[in-house]
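Residue numbers (the working numbering), protein chains in the order written: chain A, 24 to 159; chain S, 24 to 159.
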């Protein structure tokens, strides 16, 4: 794995769904919104433009693939995609399905309120739908 | 321009710096943070994964190029990159230079407080530096 280690806060707040070519696809353990995260398995990365050019291209492919799957599964009005990293510096990209009337709509999800963990069944159902959408 | 028209709210809140291969590079008229925006000149786009595959690749190139320039110019701790679109649905990508102690750090900029317009000199200086960084 060339020295990549997942940041402990990202590990605590999310669970691995599957490893793609470049990134770990993870689900945030917060049921308030359908919320996925991509973490490139490259050590020492903080900005997307720090990645090697081929990895930048691959990241674009994976972000678009996962974004489309998230939209297909949720039928959300808008997919919010963001790479912030002001708190956790390890490069990670959020993908969140948003719809009118959800918590803090139309504002951003980051820093809003407290997370509400999934129950296992609810999470498994969402993960299965995402995997089906990715493979279709 | 194949029917592309800039959303009126994006036009009101930002000014054109330069047209890149795919996107308009614009500066947000808010001096609280160094804040740029990329708007793909394609009609009817709302999600990045709605773009044609070649445009997705080009968007990745332009986001990374502008992100690196913004970091070089500002020496910011972190570049925040986000495609939200909950309010303005026309596809646009924000790039914001963030540093500890700036307004709402480490929270997101979207929806926070009121914009503080640039004076002309300050804006011109920032734009010139960005253009220099892009061409170097």
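A virtual CB, placed ideally from N, CA and C, is assigned to each residue, including glycine.
**OP:** Count the other CB atoms, across all protein chains shown, that sit within 10 Å of the CB of residue 32 of chain S; report buried if there are 16 or more and exposed otherwise.
**Re:** Under the 10 Å beta carbon count, residue 32 of chain S is surrounded by fewer than 16 other beta carbons and is classified as exposed.
**OP:** Consider the Cβ of residue 152 of chain A: report whether some Cβ of chain S lies at a distance smaller than 8 Å.
**Re:** Between residue 152 of chain A and chain S, the shortest Cβ-Cβ separation is not below 8 Å.
**OP:** Give a yes or no on whether 8 Å exceeds the smallest Cβ distance from residue 107 of chain S to chain A.
**Re:** With 8 Å as the cut-off, residue 107 of chain S counts as an interface residue toward chain A.
Subject >> Simplified DSSP state of residue 68 of chain A, which is helix, strand or coil >> reply: Under the three-state reduction of DSSP output, residue 68 of chain A falls in the coil class, being neither helix nor strand.
**OP:** Would you list the residues sitting across from residue 47 of chain S in a DSSP beta bridge?
**Re:** Answer is S:42, S:62, bridged to residue 47 of chain S.
Subject >> Inter-residue CB distance, residue 47 of chain S and residue 39 of chain S (contact presumed, cutoff 8 Å) >> reply: Indeed they touch by this definition, with Cβ atoms about 6 Å apart.
Original post:
Can at least three beta-carbon pairs, one atom from the segment 50-64 of chain A and one from the segment 137-145 of chain A, be found at a separation below 8 Å?
Top reply: The segment 137-145 of chain A and the segment 50-64 of chain A touch, with three or more beta-carbon pairs separated by less than 8 Å.
Original post:
What span of residues does the alpha helix (DSSP H) with residue 137 of chain S cover, start to end?
Top reply: Run containing residue 137 of chain S: none; DSSP gives neither H nor E here.
Original post:
Contact check, residue 99 of chain A vs residue 122 of chain A under 8 Å by CB: the rounded distance?
Top reply: Yes, residue 99 of chain A and residue 122 of chain A are in contact; Cβ-Cβ is about 5 Å, under 8 Å.
Subject >> Alpha carbon of residue 36 of chain A to alpha carbon of residue 115 of chain A, nearest angstrom >> reply: Approximately 12 Å between the Cα atoms of the pair.
Subject >> Whole-angstrom C-beta distance between residue 56 of chain S and residue 111 of chain S, which should lie under 8 Å >> reply: Not confirmed; about 18 Å, so no contact.
Original post:
In chain order, what residues of the same chain have a beta carbon less than 8 Å from the beta carbon of residue 92 of chain S, not counting five sequence neighbours either side?
Top reply: In its chain, beyond the 5 residues on either side, 153, 156, 157 have a beta carbon closer than 8 Å to the beta carbon of residue 92 of chain S.
Original post:
Who pairs with residue 94 of chain S in a beta bridge, going by DSSP?
Top reply: For residue 94 of chain S, DSSP assigns no beta-bridge partner whatsoever.
**OP:** Check the DSSP bridge columns for residue 103 of chain S and list the partner residues they point to.
**Re:** DSSP, once it has assigned bridges, lists S:119 as partnering residue 103 of chain S.
Original post:
Going by C-alpha distance, which of S:149, S:87, S:76, S:77 is nearest residue 79 of chain A?
Top reply: The shortest CA-to-CA distance from residue 79 of chain A to any of S:149, S:87, S:76, S:77 is the one to S:87.
Subject >> Three-state class that DSSP yields for residue 158 of chain S in the structure shown >> reply: It is helical.
**OP:** Taking only the alpha-carbon atoms, compute the straight-line gap between residue 24 of chain A and residue 44 of chain A and give it to the nearest angstrom.
**Re:** Any reading at residue 24 of chain A needs caution, since the residue's pLDDT is 49, under 50, leaving its predicted position unreliable; the model's value is listed next. Straight-line spacing of the CA atoms in residue 24 of chain A and residue 44 of chain A works out to 12 Å.
Original post:
Given that a residue counts as buried once 16 or more other Cβ atoms are within 10 Å of its Cβ, and exposed if not, what is residue 118 of chain A?
Top reply: Around the CB of residue 118 of chain A, 16 or more other CB atoms lie within 10 Å, so the residue is classed as buried.
Original post:
For residue 26 of chain A, which residues of its own chain have a beta-carbon under 6 Å away from its beta-carbon, when the five flanking residues on both sides are left out?
Top reply: Counting only Cβ-Cβ distances below 6 Å, and skipping sequence neighbours, we find 66.
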